[in-house]
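Novice:
Numbering (my numbering), first residue to last: 569 to 814.
#1: CB-CB under 7 Å to residue 577, same chain, minus the five flanking residues each way: which ones, in chain order?
#2: Classify residue 638 as buried or exposed, calling it buried when 16 or more other Cβ atoms lie within 10 Å of its own Cβ.
#3: Could you give the distance in angstroms between the alpha-carbon of residue 740 and the alpha-carbon of residue 728?
#4: Does residue 639 come out as helix, strand or coil in the three-state DSSP assignment?
#5: With distances taken Cα to Cα, identify the nearest neighbour of residue 692 among 713, 708, 672, 709.
#6: Can you say whether residue 718 is buried or exposed, counting buried as having 16 or more other CB atoms within 10 angstroms of its CB?
#7: Answer with buried or exposed for residue 584, where buried requires no fewer than 16 other C-beta atoms within 10 angstroms of its C-beta.
#8: For the pair the region 629-643 and the region 678-697, tell me if three or more CB-CB distances fall below 8 Å.
#9: Just mark residue 654 as buried or exposed, buried being the case when its beta carbon has 16 or more other beta carbons within 10 Å.
#10: Could you tell me the boundaries of the alpha helix (DSSP H) in which residue 655 lies?
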């Protein structure tokens, strides 16, 4: 084991400790109750299949570290599917994937003007499935963390930041209090509601990407957006008004 990989594994152990100390701890959305797989365990498991072991483990450090930094209020920490994807990439594509992923966390996280509380929509594939469904013939073969989707998401983040900088619009207004998370959805997303809704969807097969698995398991064909809205209605989580907070 090289000194570089040793240092990266120690960094992953430190990130595991930070997640352990988070509000909810390392929760998994796996319908079978369990904790999220530790990052260092994923690195050890996936290194034998990685095209470039040192770059892969370092990439895990950078992407996971960015998520922890920019989404400290995140609830579910399944990194399995994304880590498995990183292991498949050649060095150049891995470098671009890691770079854009970090930029996404910065653009959409709590330190930006967009200020989303969770990384769930990205990690569990709701954003990806919605993107594929718009042009399925062109996009159906792009995996959930594929570079084409990441580039789109990065560009979309830039568009949203520009809208907010100009004063915002009805869906993405400028937020005043920097402690308030943005919620453009029609249902409540405070931690208890978010946890309840996602667990319900995971149990019912309503999550596009089974991010708790290292073997690819992702589907875009189902109407996941509509299913989430219907589940929120069934659970009594709809909001009376579409304010930007929560």
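Built from N, CA and C at the ideal position, the CB exists for glycine as well.
Specialist: If we stick to the structure as given:
#1: Translated into the one-based positions of the chain shown, residue 577 becomes position 9. 608, 611, 625.
#2: For this step, residue 638 is matched to residue 70 along the chain shown. Result: buried.
#3: Stepping through the chain shown from its first residue, residue 740 is reached at position 172. Stepping through the chain shown from its first residue, residue 728 is reached at position 160. So the alpha carbons of these two residues sit roughly 8 Å apart.
#4: The residue labelled residue 639 in the question sits at position 71 within the chain shown. Of the three classes helix, strand and coil, the one that applies to residue 639 here is coil, per DSSP.
#5: Sequence index remark: in the chain shown, residue 692 carries index 124 (1-based). When only C-alpha atoms are compared, the closest one is 713.
#6: Stepping through the chain shown from its first residue, residue 718 is reached at position 150. With 16 or more Cβ atoms within 10 Å of its Cβ, residue 718 is classed as buried.
#7: As a first step, residue 584 must be located in the chain shown, where it is residue number 16. So residue 584 ends up on the buried side.
#8: yes
#9: What you label residue 654 is simply residue 86 of the chain shown in a count that begins at 1. The residue is buried, with at least 16 neighbouring Cβ atoms inside 10 Å.
#10: The sequence position of residue 655 within the chain shown is 87, counting from 1. From DSSP, the alpha helix (DSSP H) with residue 655 extends over 648-655.
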